[in-house]
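K.L.:
Quick one: structure below, then a few questions.
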Amino acid sequence: MLGKRKREVAVTTRQRLRPSDQEDDERQTLTTPLDADREIFRKYFESAFEPLPEIETTALAAPEKEEEEESQGGVGDTGLVEEESEWDGLSDSGHQDGAVEVVEHRAASDPAEEAKTRRQHYKTFMSSRPPKEIQGVVTKDSARQGDDDDAAEALNLKHDLDLQRLLKESHLLEQAKASPTLGSHRHKMVDMRMQALGSKGSMFHQEKMPLAHRRGILAKAAEREASRRKEAQENGIILEKASGKTRPKDTRRERGVDVPAVGKFRGGTLTLSKKDVFDIQGQGFSKPRGKTRRR
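Numbering of the sequence shown is given in UniProt numbering, commencing with residue 1 and proceeding in unit increments.
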């Protein structure tokens with residue numbers, strides 16, 4: 001009959017920490033007030049429910065490991081520290097005096113032109129005469145830009161003239177659609193352009209014609225103008241004021257009652273000519289008849 005084996009029991013001694021030592025260790029580990037608050041809540045939770053897994057130990061042990069690694073790697077890092085200490089950064093020689101650094105941004109320019117401008121300034125400064133306005137040297141880019149602006153201005157002016165002509169001659173285009181005679185409209189267009197340039201009269205105005213024809217033309221023009229104004233008034237369009245009848249230049253002005261009928265009265269003096277004197281005397285102003293004899 002086989003006997004039972006006896007189990008080997010190893011007795012190990014376990015050191016108990018005193019409550020005072022345990023409190024000291026906890027005080028050492030809980031350095032921050034946030035950790036102390038967490039520890040208080042943890043103890044309260046463990047007393048009411050179950051003990052929590054120890055996670056804080058690893059978190060607390062991490063700084064110790066880092067300190068050990070730093071202490072071990074301190075010897076290796078001495079070279080790096082020495083190198084960092086040797087590099088003092090950028091040179092601050094310009095800033096030691098406390099001077100203000102001024103940075104100027106200038107456009108690229110020709111050195112020959114700059115030298116010429118400086119020479120002109122120097123001559124103006126050294127001369128005893130009063131300074132004159134120094135005209136800046138015009139660069140090639142500015143000259144090209146000026147040429148482009150002139151070309152664009154000329155093109156815009158041409159377009160403006162074309163637009164004005166189109167607005168003035170638009171009624172001729174409407175008439176040309178309904179009329180087969182295109183030559184007459186072209187002549188009217190040329191006549192309008194001549195009048196715009198300063199022509200005295202129209203090329204279609206006929207000076208000599210029968211009186212009945214002229215009266216018919218004037219009556220037709222007046223009828224056309226009256227119909228145009230009537231349509232504009234009905235449609236609510238405001239037109240220009242109608243030009244009144246021109247008074248002929250030959251008509252004499254009516255004189256006042258106190259103005260003398262003979263002679264000229266100026267400055268309180270009545271001036272009579274020889275013709276006025278002969279008219280008053282009743283003798284005709286005539287040349288002697290017949291041939292004059294020579295003695």
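Just so it is clear, CB atoms sit at the ideal spot from N, CA and C, and this is done for glycine as well.
The beta strand (DSSP E) that contains residue 308, what's its start and end?
P.N.:
Residue 308 falls outside the range modelled here, since the chain spans only 1 to 295, and no answer is possible.
K.L.:
Given this structure, state the Cα-to-Cα distance separating P130 from Q120, to the nearest angstrom.
P.N.:
Whole-angstrom Cα-Cα distance: 14 Å.
K.L.:
To the nearest angstrom, report how far apart D148 and L163 are at their CA atoms.
P.N.:
So the alpha carbons of these two residues sit roughly 23 Å apart.
K.L.:
So V262 and D276 are in contact, right, with Cβ under 8 Å, and what is the actual spacing, rounded?
P.N.:
V262 to D276, Cβ: 5 Å. Contact.
K.L.:
Give the straight-line distance between the Cα atoms of L34 and I40, rounded to the nearest whole angstrom.
P.N.:
About 10 Å.
K.L.:
Considering only residues of the same chain and omitting the five flanking positions on each side of R229, which have a CB-CB separation below 8 Å?
P.N.:
Excluding residues within five positions, the ones whose Cβ falls inside 8 Å are L239 and A242.
K.L.:
For a test of the three-state rule: what should DSSP assign to L197, helix, strand or coil?
P.N.:
Helix at L197.
K.L.:
Distance, Cα to Cα, N235 vs E153?
P.N.:
Approximately 40 Å, taken between the alpha carbons.
K.L.:
What separation, rounded to the nearest whole angstrom, lies between the Cα atoms of I280 and L270?
P.N.:
Looking at the two C-alpha atoms, the distance is approximately 14 Å.
K.L.:
May I have the straight-line CA-CA distance separating A107 from N156, to the nearest angstrom?
P.N.:
Roughly 32 Å between the two C-alpha positions.
K.L.:
Quick check: the Cα distance between A196 and M203, rounded to an integer number of angstroms?
P.N.:
Going from the Cα of A196 to the Cα of M203 covers about 13 Å.
K.L.:
What first and last residue would you give for the alpha helix (DSSP H) that runs through L34?
P.N.:
Residues P33 to A48.
K.L.:
Between which two residues does the alpha helix (DSSP H) harbouring L211 extend?
P.N.:
Looking at the DSSP string, the run of the alpha helix (DSSP H) that includes L211 is L211 to N235.
K.L.:
Whole angstroms are fine: how far does the CA of K158 sit from the CA of A221?
P.N.:
About 34 Å.
K.L.:
Would you tell me roughly how many angstroms separate the C-alpha atoms of K188 and L166, rounded to the nearest one?
P.N.:
When rounded, the distance between both Cα atoms is 14 Å.
K.L.:
Ordered along the chain, which non-local residues of its own chain (more than five positions away) have a Cβ less than 6 Å from that of P111?
P.N.:
So no residue of the chain qualifies.
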